[in-house]
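Residue numbers are given in our numbering: position 87 of the sequence shown equals residue 121, and the series is strictly consecutive.
Note that the Cβ used here is the ideal one computed from N, Cα and C, for glycine as well.
Small disclaimer: the values here were computed from a predicted structure and weren't measured.
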Amino acid sequence: MKKGLFWVLSILLFILSVTAFSAQKTVITYWTHTDDNRTRIEERYIAEFTKMHPNVEIKRVVNEASKMGDLVLTAFAARSGPDIFNLPIEQEYGYIVNQRVAPVDYRALGYRNLEELKADYAPNTFDPVTMNGKIYGLPLEVTNWCIFINKRVFRSAGLNPEKDYPKTWEEMAFPPTGTGVSYRKVDEIGF
C-alpha cells in the first residue's frame, strides 16, 4: 500500500510539475474512505511525501466507504472531482472507458516500461484497469473475499461440505445439476 500511495502521489506531482516554477503551493485533493488503520498509514505517507516536496500540500478528505461511489460520480458530473481518489475495483471501469482518469505514467514511477511496473505486482493485478495497453490505476489495498460454509446446512441438503462446495463464481449462482440444490428459494440465511 505504501508503494501504491507514494507512486500515485508522485504521478500527480509529475503531472502538476508545470506549476513548480511558481512560488505557489500545489494542492492535491485526495479522497479516501474511512478506515482507522488506513488513516494512520496514509497520514504518515502524506507527511513523508510533503516533507520531500514542500511545495505540495495534500488535502486528504475522508468519506464513508459506502458513499464514495456516489460522491465521486457526483463530483465528476459537476466537473469538480478530486485529483486522486480510491474506489472499489467494480466502480472504476466507467471512469476509464469514459476517459475521466489519466493513464499511469510508468516513467514518473521510475520504471522503464509497463512490463517492469507489472513485474512488481502479482500476476493479472492490472487487468481490470488496463485499456488499450495502458494502465489507469494502482492498487492501494487488496480485499479478501471470504465465503464460509455452514456444514450443518450442507449436510441437511444432502451435500458433503468437504467436496460439494462451490468452486467457481458460476457455481455460486447456479449450483451443479444433480445436487438437488436450488438457490432460488432461500429458507435460511446466516448461522
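Counting C-beta pairs closer than 8 Å gives fewer than three between the region 89 to 105 and the region 128 to 147, which falls short of the contact rule. If you draw a straight line from the Cα of R113 to the Cα of P88, it comes to about 28 Å. Per DSSP, the beta bridge partners of K93 are T63.
By the Cβ-count criterion, G192 is exposed, with fewer than 16 other Cβ atoms from all chains shown falling within 10 Å of its own Cβ. For the region 66 to 136, the full-length alpha helix (DSSP H) segments reaching 4 residues or more read 70 to 86, 102 to 111, 127 to 131 along the chain.
Its chain contains M165, Y170 as the residues whose beta carbon lies nearer than 6 Å to that of I130, once the 5 sequence neighbours on both sides are disregarded; these appear in chain order.
For W203, the enclosing alpha helix (DSSP H) has its first and last residue at 203 to 207. Collapsing the DSSP output to three states places K168 in a strand.
Our two residues, R78 and M206, have alpha carbons roughly 40 Å apart in a direct line. At a Cβ-Cβ threshold of 8 Å, W203 and F119 do not count as neighbours.
G167 sits exposed, since fewer than 16 C-beta atoms from the chains shown fall within 10 Å of its C-beta. Note that the C-beta distance between K185 and P200 is not below 8 Å. Nearest to V61 by C-alpha distance, out of C180, P122, V90, is V90. Bounds of any alpha helix (DSSP H) do not take in E196, whose DSSP letter is neither H nor E.
Here the C-alpha atom of A81 lies approximately 56 Å from the C-alpha atom of S190.
When the Cα atoms are used, I92 and N158 turn out to be separated by approximately 30 Å. Counting only residues of its own chain and dropping the five nearest sequence neighbours on each side, K59 has a CB closer than 6 Å to the CB of N89, E91.
In chain order, P162 place their CB closer than 7 Å to the CB of I123, counting only its own chain and leaving out the 5 sequence neighbours on each side.
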